[in-house]
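Note sheet for the following structure.
Residue numbers (the numbering used here): 8 to 145.
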């Protein structure tokens, strides 16, 4: 039983690390100039913690079968409390993740829209454009 409690606590610690990464991601996305490399690094770290949580979840399922207990663990107070904290943290992270995805989609949608407008502007033959050296481009 203590193994299962420790496993849920370890999953919670991984969720806390994941929450910190999501906060960093939100802060980066909120800035006007977003560094793509930093976001990619954060995404890689998030994937690492998600894989770690998935492997811990498999161990948890094994221990649940071994002890023949399953969530919500009403008979076991400490385990029930740990599980409820874990579940509420998961719900909070889901909301943060949705918020980050919305900001990410808005940023890249605006960038893509600008590129499309710029491309149609460049394709119009009546426009005069200059290169970096100030020479007339065709």
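Ideal Cβ positions, reconstructed from N, Cα and C, are used throughout, including at glycine.
Approximately 17 Å separates the beta-carbon atoms of residue 20 and residue 70; this is outside 8 Å, ruling out the contact. Taking the C-beta atoms as reference points, residue 103 is found nearer than 8 Å to residue 29.
Rounded to whole angstroms, the Cβ separation of residue 36 and residue 107 is 6 Å, and the two are in contact under 8 Å.
Taking the Cα positions, residue 66 is about 42 Å away from residue 39. The C-beta separation of residue 31 from residue 49 comes to about 6 Å, placing the pair in contact by the 8 Å criterion. Contact between residue 12 and residue 89 holds: their C-beta atoms lie close to 6 Å from each other, under 8 Å. Assignment of residue 38 by DSSP, reduced to helix, strand and coil, places it in the coil class. For residue 62, the enclosing alpha helix (DSSP H) stretches over residues 43-74.
Pairing residue 56 with residue 62, the inter-Cα distance amounts to about 10 Å.
The C-beta separation of residue 93 from residue 87 comes to about 11 Å, leaving the pair out of contact by the 8 Å criterion. Residue state for residue 93 is assigned as helix, using DSSP reduced to three classes.
By the neighbour-count criterion, in which 16 or more other beta carbons inside 10 Å mark a residue as buried, residue 60 falls on the buried side.
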